[in-house]
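Heads up: the sequence shown begins at 1 in full-length UniProt numbering, then just goes up one per residue.
This report refers to the structure that appears directly beneath it.
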Amino acid sequence: MKTTKELLGARIKELRKARKLSQEELAELIGVEPQHMSRLEVGKSYPSLDRLEKIATVLEVPLKDFFDFSHLDDAGERRAGIDQLVKDLSEDQQRFVYRMLKMLKETTRGE
């Protein structure tokens, strides 16, 4: 599972590419070294709020868009996470979760 720092970096990269800017171009526009921009995008460091605001201004996106990770949801990662959670439960808890999921599936068939 990705860390928040990695998700934020991936989101910055995604928004940068949508604006057809290279890392070097964005780095120059916000006044940082290209190496620093790279570290931000791979999730090795957090941008300061001031820097994040500069990036938002250059990319012409609201600040909140940097924290919208819903489209990055990986089904495989989610499934592995669910499997691990269930594995850690007792037999009784697993049976309960199974019944709940079965009921959920039955009640959402029409959606």
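Cβ coordinates follow ideal geometry from the N, Cα and C atoms, glycine included.
No experiment lies behind these values; they were computed from the predicted model shown.
When the beta-carbon positions are compared, Lys-2 and Tyr-46 stay at least 7 Å from each other.
Within the model, the alpha-carbon separation for Leu-104 versus Leu-85 is close to 18 Å. Only residues of its own chain outside the window of five on either side were considered, and among them Gln-23, Leu-26 and Ala-27 have a CB closer than 7 Å to the CB of Met-37, listed in chain order. Asp-92 and Lys-54 have their C-alpha atoms spaced approximately 52 Å apart. Runs of alpha helix (DSSP H) with 4 or more residues, each lying fully within the UniProt domain "HTH cro/C1-type" (12-66), are found at 23-30, 34-41 and 49-59, listed in chain order. In this chain, Leu-89 is not harboured by any alpha helix (DSSP H), its DSSP state being neither H nor E. Residue burial is scored here from C-beta neighbours: Ile-30 has at least 16 other C-beta atoms within 10 angstroms and is therefore classed as buried. Contact between Arg-11 and Leu-59 does not hold, since the beta-carbon distance rounds to 10 Å and is not under 8 Å.
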